[in-house]
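Novice: In my numbering, the protein residues as written are 1 to 113. Yeah, the Cβ is synthetic: ideal placement off N, Cα and C, and Gly gets one too.
#1: Identify which residue in 93, 60 and 86 has its Cα closest to the Cα of residue 76.
#2: Could you check whether residue 57 and residue 84 sit closer than 7 Å to each other, using their CB atoms as the reference points?
#3: CB-CB under 7 Å to residue 112, same chain, minus the five flanking residues each way: which ones, in chain order?
#4: Find out if the Cβ-Cβ distance for the pair residue 28, residue 15 is shorter than 7 Å.
#5: How is residue 34 classed by DSSP in three states: helix, strand or coil?
#6: Where do the ends of the alpha helix (DSSP H) carrying residue 14 lie?
#7: Output the residue ranges of the beta strand (DSSP E) runs that lie fully inside the stretch 71–105 and measure 3 residues or longer, sorted by chain position.
#8: Using C-beta distances below 8 Å, list every residue in its chain close to residue 104, excluding the 5 sequence neighbours before and after it, in chain order.
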């Protein structure tokens with residue numbers, strides 16, 4: 001079975017397709033608030049899924065990391081407006097220290113093609 005790497009870099013690829021599954025690297029967004037960063041990161045998720053031949057209706061699982069769990073409601077408002085309501089994925093959300101203090105949210109997505 002072939003492996004296709006989308007936007008490979010020195011450290012990681014933006015996405016990797018293996019068989020009928022696409023694995024996205026963790027996506028963080030621009031902005032200062034969880035709302036802004038969530039919208040930006042999810043737009044990038046959508047872009048990478050399209051490059052892989054998929055879309056948000058085919059997301060199987062999303063893992064979300066928040067730098068502060070008190071922003072859960074703020075992130076959820078963006079998430080609920082963004083997901084395909086007929087095809088919600090499995091999801092987990094945890095609090096974690098992210099790569100830099102500027103990052104407030106990170107989305108890790110696995111989807112079908």
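Specialist: So, to answer that:
#1: Position 76 of the chain shown, counted from the start, is the residue given in the question as residue 76. The option with the nearest alpha carbon to residue 76 is 93.
#2: Indexing the chain shown from 1 puts residue 84 at position 84. Indexing the chain shown from 1 puts residue 57 at position 57. Yes, these two residues count as a Cβ contact at 7 Å.
#3: Residue numbering aside, residue 112 sits at position 112 when the chain shown is read from its first letter. Taken in chain order, the residues that qualify are 20, 21, 54, 58 and 60.
#4: Mapped onto the chain shown, residue 28 falls at position 28. Mapped onto the chain shown, residue 15 falls at position 15. Cβ atoms of residue 28 and residue 15: not closer than 7 Å.
#5: Here the question's residue 34 lines up with position 34 in the chain shown. Residue 34: helix per DSSP, three-state reduction.
#6: Here residue 14 is taken as the residue at index 14 of the chain shown, counted from 1. Counting along the chain, residue 14 falls outside any alpha helix (DSSP H), though it belongs to the beta strand (DSSP E) covering 13–18.
#7: 90–95
#8: To locate residue 104, count along the chain shown from 1; it is residue 104. 33, 34, 37, 66, 67, 68, 71 and 98.
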